[in-house]
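Just so it is clear: in the sequence shown, position 21 is 86 by our numbering, and no numbers are missing.
Heads up, the beta-carbon is just placed ideally off N, CA and C, and yes, glycines get one too.
None of these values were measured; they are calculated from a predicted model.
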Amino acid sequence: MAVYPFSALLSRMKYITRWSLMRNGRAESLSEHTADAALLAHILCLIAQKCTGTGAGIRPDTVAAAALYHDAPEILTGDLPTPVKYKNTALRTAYKALEHESAEAMAGLLPAELQEEALDYLTGTALSDAERKLLKAADRLSALIKCTEELQAGNREFAAAHDQQLAALHAMECPEAEYFIAHMLPCYAQNLDELTRGRF
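As structure tokens, then:
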């Protein structure tokens, strides 16, 4: 009987720790990040459809599903710190090739009938350019929120990273991300009572 270890391998995302070069007040696993990115990607798609008017052809469910897979190759490669990953063109190109090889290897752990579609999600080719941009914005928002939470807890280690992520988001010129930053991001500074008072 054939066995397919793809899903079991995906479950190991919970063992990959992000922000490995930083002193963390609370460690963040790759599983947490992908769940956050999927939720954020979905809401950005809805903002595109209902608030900014740029959502024609955007598929929120597909983008959210792709977000769940977007960092899965890091199970094999590890979470390479951003300053290393983007140090120069040669490293960036080599890492992209490594990510693609890892995605292909992971897809190969599925029955043949599922491999092509899984690879589309693992590599992001299941998405249009507009959808990929929203996923990238969600990925950056997840990082910005992590930095915000660390700063809220008094950890100044994340101050520069916070500013870099915010600047990178603004540079994307993504109306949905700007909407989120203006209307939703401030709530991450609130405690549970402040978030729910008078609403439940």
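(message) What does the Cβ neighbour count give for Pro138, buried or exposed, with the cut at 16 atoms within 10 Å?
(response) As a working mapping, residue 138 is identified with position 73 in the sequence shown. Answer is buried; the Cβ neighbour count reaches 16.
(message) My assumption, with CB atoms under 8 Å, is that Thr119 sits in contact with Tyr244. Please give the rounded CB distance.
(response) If you number the sequence shown from 1, residue 119 lands on position 54. If you number the sequence shown from 1, residue 244 lands on position 179. The pair is not a contact, with the Cβ atoms about 10 Å apart (cut-off 8 Å).
(message) Beta-carbon within less than 8 Å of Asp185's beta-carbon, same chain only, minus the 5 sequence neighbours each way: which residues are those?
(response) Counted from its first residue, the sequence shown places residue 185 at position 120. Excluding sequence neighbours, Asp185 sits near Ala191.
(request) Measure from the alpha carbon of Leu199 to the alpha carbon of each residue in Arg91, His107 and Arg77, then state which is nearest. (result) Within the sequence shown, numbered from 1, the residue matching residue 199 stands at position 134. Nearest C-alpha to Leu199: His107.
(request) Taking 8 Å as the threshold, find out whether the region 92 to 99 comes into contact with the region 76 to 84 through three or more Cβ pairs. (result) yes
(message) For Asn256 and Thr188, I'd like the C-alpha separation in whole angstroms.
(response) Locating residue 256 in the sequence shown gives position 191, where the first residue counts as 1. Locating residue 188 in the sequence shown gives position 123, where the first residue counts as 1. Using only the alpha carbons, I get a separation of about 37 Å.
(message) Is the beta carbon of Ala226 closer than 7 Å to that of Cys239?
(response) If you number the sequence shown from 1, residue 239 lands on position 174. If you number the sequence shown from 1, residue 226 lands on position 161. Cys239 is not a Cβ neighbour of Ala226, given a cutoff of 7 Å.
(message) Quick check on the burial criterion: 16 or more other C-beta atoms within 10 angstroms. Buried or exposed for Asp194?
(response) Here residue 194 is taken as the residue at index 129 of the sequence shown, counted from 1. Asp194 comes out exposed.
(request) List the endpoints of the continuous alpha helix (DSSP H) containing Glu238. (result) As a working mapping, residue 238 is identified with position 173 in the sequence shown. Careful: Glu238 lies outside any alpha helix (DSSP H) and carries neither H nor E.
(message) Measuring only the C-alpha atoms, how far is Glu222 from Gly143?
(response) Stepping through the sequence shown from its first residue, residue 222 is reached at position 157. Stepping through the sequence shown from its first residue, residue 143 is reached at position 78. Cα to Cα, the separation comes out at about 22 Å.
(request) Kindly give me the distance between the Cβ atoms of Leu216 and Ala224, rounded to whole angstroms, as I take these residues to be in contact under 8 Å. (result) Stepping through the sequence shown from its first residue, residue 216 is reached at position 151. Stepping through the sequence shown from its first residue, residue 224 is reached at position 159. Sure, about 6 Å apart at Cβ, within 8 Å.
(message) Going by DSSP in three states, Ser193 sits in which element: helix, strand or coil?
(response) Within the sequence shown, the letter at position 128 stands for residue 193. DSSP places Ser193 in coil when its eight states are reduced to three.
(message) So Tyr69 and Leu174 are supposed to be a Cβ contact under 8 Å. How far apart are they, rounded?
(response) Here residue 69 corresponds to residue number 4 of the sequence shown, with the count starting at 1. Here residue 174 corresponds to residue number 109 of the sequence shown, with the count starting at 1. Confirmed, about 6 Å.
(request) Starting from the C-beta of Phe71, find all residues in its chain whose C-beta is less than 6 Å away, skip the five residues before and the five after it, and write them out in chain order. (result) Counted from its first residue, the sequence shown places residue 71 at position 6. Closer than 6 Å at the Cβ level, and outside the excluded window around Phe71, lie Leu174 and Leu175.
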